[in-house]
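2 protein chains.
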Amino acid sequence: MKVNIFDVAKKSGMSIVTVSRVLNNAPTVREKNRQKVLDAIKELNYSPNSAARTLVRGKTGVIGLTITALNDTVFDGVVQSVLENLKLNGYVLAISIAHELGNESFDASNFLFHHDRVDGIIVLSTLQEEAYIADLERKKIPFVMIDSHSEHNNVPTINVDNYLGGYEATKHLIALGHKRIAHISGQYAFLSARQRKEGFTDAMIEAGLSPSMIIEGEFGTYCGHSIMQNWIAQGNQIPSAIFAADDMIALGVIRSLMEAGYNVPGDVSVIGYDDQSFANEVHPRLTTIRQPVGQVGEHAVKILMDLIQGKQTKNTKLQLKPELIFRESTAKYKGDIN
Amino acid sequence: MKVNIFDVAKKSGMSIVTVSRVLNNAPTVREKNRQKVLDAIKELNYSPNSAARTLVRGKTGVIGLTITALNDTVFDGVVQSVLENLKLNGYVLAISIAHELGNESFDASNFLFHHDRVDGIIVLSTLQEEAYIADLERKKIPFVMIDSHSEHNNVPTINVDNYLGGYEATKHLIALGHKRIAHISGQYAFLSARQRKEGFTDAMIEAGLSPSMIIEGEFGTYCGHSIMQNWIAQGNQIPSAIFAADDMIALGVIRSLMEAGYNVPGDVSVIGYDDQSFANEVHPRLTTIRQPVGQVGEHAVKILMDLIQGKQTKNTKLQLKPELIFRESTAKYKGDIN
DNA sequence: ATGAAAGCGCTAACAT
DNA sequence: ATGTTAGCGCTTTCAT
C-alpha cells in the first residue's frame, strides 16, 4: 500500500518512467535495467496502484455484472461463461447483487454503475430494466442485457427463445399422447413467462387441443405445490400432463401430486424449465428445457467487447435456442386418472 | 465521463473546492451557493470520478468477496446478509468468482486483490486457503475467512460448528430409534467434512453403536446416487438411516433408494445438510441441518469493519451453531428391511 | 465561508 | 534507450 513507483525507481536506480515501461512491457528497456527494476519490484513487494492507473488511462479493465440471486443454476452457468470469455479478452469480472424488492426505487448506489469503476456492464435478468437502461445510457456506459423483458427498445440484448422453449415443452407432452395439459407460468411481468405461455398455447392450438388450465405462478418459488394442492382439493380433474414454467415450480407440482397419491410420471407427466442442478437428481429425474448458458455468456461478452471498441454492431438483438432434456418425469399417456 | 469537477465549478460560478465541499456534505457552504452547485451538478449530469477519489483518499469504500459458485443456497444466504450489513456500514460489495480447478495455482489475477480496489475482503469457503492468506497478508489487505479449513492459523475466521451439526444430525437419527446408520461425507480435504464425520462418529459411539458405513463422497455433487447404488448392488444390508454430508448427496441417496424400490422414510431415513432451497420442496421434504447464514454474514462484516478501523479484535475465531430442521425424509425406525 | 496550491500514483507526450 | 514534464480528477491543508 505504501510502496509506490518512486520507491521502485529509487531502489532500482532508474527513473519512474522506466519503471512504468517495465510495468507495461514496453520493448524499449535494456534487459539489464529491466532486471534491476524487476528485482526492486520483487524486493519491495510492489504492485501498481490501480486507481492511479484507471485515472490516467481512463479505463478500468473490469466488466461489471449485476445479478439478483446466487442460487440459480442458469445464472451460475451464464456467469461462469462470462467469466471465461472475459478472461480471454483480458478483462476481469466484478459482480454486484441488485436487490429487486418489488417497486423499490432503482438502486443507483450500485457500485458498478460508474464509468470509472467498469468499462462495461452486463445486466442479468432484471425486472427494473427501464431504470437500468436509462441510467446506463445517461452515463454512457456500454452494456448488454441478458433475458430482457421489454421488446421495444434498441438495447443490445441476448435472450433465449422462450416461446420456442414453451412450444417444444408442450409438443413433447403432446407427442407423448397427452391431451389434457396444464401450464403454470411465471409472473407475467417477465417477458419470458409470457413467451413460454404463448409457446404453450400455440402448440396446443396447433394440435387442436385447448389448455386444461393456465395459472400464473411465480418463478423460482415453489408455488407449484399450493397451486396443485388447491386444484386437487377443489375436486378438479387432474390434467395428465403439466408444463411448469421452471424447475422449482415443477418440483412443487410433483410433490403435491405425490402427496395426493398420484404417480409421476405414471399418472401425471410434469416438465420443468431451466435444468437446475437438482433436476437430474430428484426422483423422478426432471424432464426439462435447458438454456444454452455457455452461448449466452459468450455472446454477451462478444457484444460488449464490440461496444467498448466502438465497433458498429448491428445484430444487437440475439436470440438463442433452448434444448429439451427428456428424463423421467414425463411419459406416455396411459389413460385417464381420477 | 467527460464532465468533471471543473465543469461544475465553472457552471456554478464557484471554485472546485466549494464543489468538492458540496459533494462531501461539508457544513461550511452557504446554502445559496450550495444550491448553485447542486443545480450545476444536475444540469451537467455530473458524478464524481471514483478513481480520482480513491487515489486521493487512499480508500475505496468497497469490500470484496470471493466465491466459487453461484448455485448454492448457503452461499447465497451469506452473501445476502453480507450485503445488507455492508450497506449499513456505508460500503458496497464487489463479488469475484474464484475458480478452484483442482491444484491449479492460486489465481492472483483476481481483480479484488488490490489494496486500491477494495478496503477489505471476505473469503468464502475456499480450498486454496493458504494461498489466499499468504497473498492477503503480504498485501496487508484486511480480510476475514468464512468456512475456514485449516485449524492452525490466527486468521480471522467464522465457521459454523460442523462437528455439532454432524453430532445433532446423528443424534436425531438415533433418537428416532435407528441403530444401523451410515454416513456419506464430503471430501476430507474440507475441514467441515471431517468435522461432520467426527460428530457422526462420536454420537454413534456415545450411543454404543458402530457406524454401518462411512464413505467419503463429494460435496455439492450427486455422488450419493452412485454410492448407494453400489452399496445396494453388492447385496449389502441397507442401513435404516443415512446421514448425508449435504443435501445434494442426500438427494442422490434418496433417488437410488427409491429406484431400488425402497421407501423414504418408510424403509430408510435420510438426513441432509445445508437446507438448500429445494430441500423443502422435494418429495419427501428433506430433514436437514440449517446453517445460520444471516449471522455468518453479520459477523463477517463486523469483524472486517473492526479490522479496517484498526480496532483490536481478540475473538477473531467465531464459531456459530447450526440448527436441525426436521421434515419428512426421516422417521421412526420401524424394523429391519432387506 | 471560500479559494489557491499541493499532491495522491501513474502514464503519455516530448525531449535527449 | 532513458528521462523530464505535464496532467488524469479529486481532496486537503493553509490562507484569507
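Chains as they are written, first to last, in numbering that gives the first Met the number 0: chain C, 0 to 337; chain R, 0 to 337.
Ideal Cβ positions, reconstructed from N, Cα and C, are used throughout, including at glycine.
Treat the numbers as computed from the prediction; the structure is a model and nothing was measured.
Item	Value
Whether C:SER95 touches C:LEU111 by CB criterion (8 Å)	yes
Minimum Cβ-Cβ distance from C:ASN48 to chain R less than 8 Å	yes
Cβ-Cβ distance between C:LEU306 and C:ILE121 below 8 Å	no
Pairwise C-alpha distance: C:ARG254 and C:THR220	13 Å
The stretch 195-211 of chain R contacting the stretch 255-267 of chain R, beta-carbon criterion three pairs below 8 Å	no
Neighbour-count burial assignment, R:ASP245, 16 or more Cβ in a 10 Å radius	buried
Distance between C:VAL292 and R:VAL292 (C-alpha atoms, nearest Å)	28 Å
Beta carbon proximity, R:THR53 to chain C, threshold 8 Å	yes
Positions along the stretch 246-270 of chain C whose CB lies within less than 8 Å of some CB in chain R	MET247, LEU250, GLY251, ILE253, ARG254, MET257 and GLU258
Rounded straight-line distance, which links the Cα of C:VAL18 to that of R:TYR74	Checking the sequence, you will find Phe at residue 74 of chain R rather than Tyr. Rounded to the nearest angstrom, the two C-alpha atoms are 42 Å apart.
Chain C within 8 Å of R:THR65, Cβ atoms only	no
Own chain partners of R:VAL7 with C-beta closer than 7 Å, once the 5 adjacent residues on each side are dropped	VAL18, VAL36, ALA39, ILE40, LEU43 and TYR45
Simplified DSSP state of R:LYS338, which is helix, strand or coil	The shown model of chain R, from 0 to 337, leaves out residue 338 of chain R, and the question about it has no answer.
Segment limits, beta strand (DSSP E) that includes R:LYS316	316-319
Within chain R, partners of C:LEU82 - CB distance below 7 Å	ILE96
Cβ of C:SER340 within 8 Å of any chain R Cβ	As displayed, chain C neither begins before 0 nor continues past 337, which places residue 340 of chain C out of reach and without an answer.
Nearest-angstrom Cβ-Cβ length linking R:PRO242 and R:LEU172, presumed shorter than 8 Å	Just to set this straight, residue 242 of chain R is Phe in the shown sequence, not Pro. Rounded, the Cβ-Cβ distance is 6 Å, consistent with contact.
Same chain, Cβ closer than 7 Å to R:ALA202, neighbours up to 5 away in sequence not counted	TYR166, THR169, LYS170 and ILE173
Which listed residue (C:GLN275, C:GLY260 and C:THR329) has its alpha carbon closest to that of C:PRO283	C:THR329
Chain-ordered chain R contacts of C:ASN158 [CB-CB under 9 Å]	Within chain R, no residue comes near C:ASN158; the closest Cβ sits about 20 Å away, beyond 9 Å.
Short CB-CB distance (under 8 Å) between R:VAL300 and chain C	no
Chain C contact residues for R:SER276, given Cβ-Cβ distances below 8 Å	ASN70 and MET247
Inter-residue spacing [alpha-carbon to alpha-carbon] between R:GLY260 and R:ILE231	11 Å
Contact under 8 Å by Cβ, R:THR287 with R:GLU327	no
Per-residue burial, R:PRO26 [other beta carbons within 10 Å of its own, 16 or more giving buried]	exposed
R:LEU87, enclosing alpha helix (DSSP H) - first and last residue	72-87
C:PHE5, enclosing alpha helix (DSSP H) - first and last residue	4-11
C-beta neighbour in chain C for R:PHE110, strict 8 Å	yes
Boundaries of the beta strand (DSSP E) in which R:LEU37 is found, first to last residue	Not the beta strand (DSSP E): R:LEU37 falls in the alpha helix (DSSP H), residues 30-43.
contact_flag[the stretch 47-61 of chain C, the stretch 45-54 of chain R] where n(CB pairs < 8 Å) is 3 or more	yes
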